[in-house]
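Student: Got a structure here, written out as structure tokens. Questions coming.
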Amino acid sequence: MSPAEPSDLRRSLRSITLDGAVFSVMVGCGETYLAPFVLAIGMGQVEAGLLSSLPPLAGAVLQLVSPAGVRRLGSHRRWVVLCAATQATSFVPLVVAALAGAIPTFAAFLVASVYWGAGMSTGPAWNTWVSTLVPAPIRARYFARRTRVSQVGTVLGLLMGGALLASGRSGGFEMQAYAVLFLVAGLCRYLSTYFLWSQSEPVPLPAQFRRVPAGELLANLRRSHEGKLLGYMLAIQIAVQISAPYFAPYWVEQLHLSYVQYTTLVAVSFGTKILVMPALGGVARRFGARGLLWFGGIGVIPLAALWIASSAMPWMIFVQMLAGIMWGAWELATFLLVFEAIREEERTSILTTFNLANAIAMVAGSLLGGAILHSFGEARLGYFVIFGLSSCARLATLPLLRRVPEVRLVARPIATRTVAVRPGDAISDDRPVLPSISDEVEPPLDPVAGRGLGPPRR
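Here the working numbering runs 3 ahead of the position in the sequence shown, where the first position is 1.
Below you can see the structure in the form of structure tokens.
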């Protein structure tokens, strides 16, 4: 790759950061409030829950065709910009629906599928593209800073959305507030699209990428260390999704939380997760990624069942803080283990395929939880059953956790993009920025925080 001109590089780096910032505002104020919106216009509780688990399957499927789309357009940049613009446009029917005060159920699922399909289709191509833009010597620190900017953007979007909806409800213009919220989210994604387009593309179709054929991938996973890890991760996903999609309906329809309370609970868990990541990086260095995974893997087991104990606000805040810590530990540990176990040139291919399996696991768990909730007539007892069942299912994954091997941990930063923020104990859907985890990185950094860790302990 020929080096970029310094001015072009500075412009591209600035645009990558600004894209992350406005994209994150969209996440915070857009899809996060889709479930409360459809509940406000009369959609059923099971359907509202499934709206957060079924559409991502469309995104996972479309990820598989993104390499063909890139080849067809002859450019990663063009493909990413096209998908980003499509995702931004998916907010238009939501604005119309909010102003009309109604949207058919099938239309809501279609819009959400377009949102997720277009959004997730950018992932593999964007990761490959930015790896040609950001020089390897600065990737670690650059993406660590970008992650922090993006996290601030997500929190700002969350708080702005909650404040606007609270004002709308008290002032009698709740649906208009949703329309403004979705309009802002769409405009943020259009602005993100502009920043994507303003970046250069030194190598339209980089050659150093290996696609792992499906047969080879399955054969390797059956007998490999990474196969044991990914199998455990899929099992946890099924267990979590029995209850996770239904926290928004539970909060809104059963607990009748205000928008301020709803936003507070979501922000507390997400904020706690951000704040504890530097400390969790230190735990990983001292006790190993597998030790951190055991801490998180055991810690997430009771989280769903804890919602049965009380609906008092102080208790719910405590549970959300605990969830932020435990899911932060689990997420960081799995990221570290995955990226030590899978070769760099195969990561994009393997993780794209894993995303599809992960989406199928989400659908399986959520359909089971939805069927149980429906059988109880969407009553509070039904929620307690799926909360308890989810914790029991998580407990049943411990034998799979025991099979996950330890790997030699090389301290490195892991930058992430938050693509969704969830109510309840699932917290957020974070995806790794693959170029930030290049096997050739700067001196060791604290994962996520980007702080020096010092020499490894023996």
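Think of the CB as a built atom: it goes at the ideal place given N, C-alpha and C, for glycine as much as any other residue.
Please read these numbers as outputs of a predicted model, since none were measured by experiment.
1. Is it true that the CB of leucine 159 sits closer than 8 Å to the CB of valine 269?
2. Whole angstroms are fine: how far does the CA of glutamine 202 sit from the CA of glycine 47?
3. Give the straight-line distance between the Cα atoms of glycine 122 and threonine 92, rounded to the nearest whole angstrom.
4. At a threshold of 7 Å, does phenylalanine 26 count as lining the ligand NAP (C-beta to nearest heavy atom)?
5. Classify arginine 420 as helix, strand or coil using the three-state DSSP reduction.
6. With a cut-off of 8 Å, does the C-beta of tyrosine 193 fall near any C-beta of chain D?
7. Per DSSP, arginine 434 is paired with what?
8. Is tryptophan 310 buried or exposed, if buried means 16 or more other CB atoms sit within 10 Å of its CB?
9. What is the DSSP secondary structure of arginine 425, counted as helix, strand or coil?
10. Using the C-alpha atoms, what's the distance from proline 58 back to valine 476?
11. Just confirm the distance between the C-beta atoms of serine 153 and threonine 421, as a whole number of angstroms; I'd bet it's less than 8 Å.
12. Give a yes or no on whether the C-beta atoms belonging to leucine 184 and leucine 167 are separated by under 8 Å.
13. The alpha helix (DSSP H) spanning isoleucine 389 covers which residue range?
14. From this set, Tyr118, Ser313, Ile353, which residue's C-alpha is nearest threonine 89's C-alpha?
15. Nearest to valine 155 by CA position, among Ala308, Gly23, Ala326, is which residue?
16. Report, in whole angstroms, the separation of the C-beta atoms of alanine 247 and aspartate 428, which I expect to be a contact under 8 Å.
17. Rounded to whole angstroms, how far is the Cβ of alanine 326 from the Cβ of valine 30, which I believe are closer than 8 Å?
18. From which residue to which residue does the alpha helix (DSSP H) around glycine 299 run?
19. Using three-state DSSP, classify leucine 54 as helix, strand or coil.
20. Could you give the residue range of the alpha helix (DSSP H) that holds glutamine 90?
Tutor: On the basis of the coordinates in this document:
1. no
2. 43 Å
3. 11 Å
4. Ligands in the displayed structure: none, and consequently the ligand NAP is not present.
5. strand
6. No chain D is part of this structure, which consists of one protein chain only.
7. Arg420
8. buried
9. coil
10. Coverage of the chain is limited to positions 4 through 461, which leaves residue 476 absent and any answer about it impossible.
11. 7 Å
12. yes
13. 383 to 398
14. Tyr118
15. Gly23
16. 7 Å
17. Not really, about 18 Å apart at Cβ, beyond 8 Å.
18. 262 to 302
19. coil
20. 79 to 92
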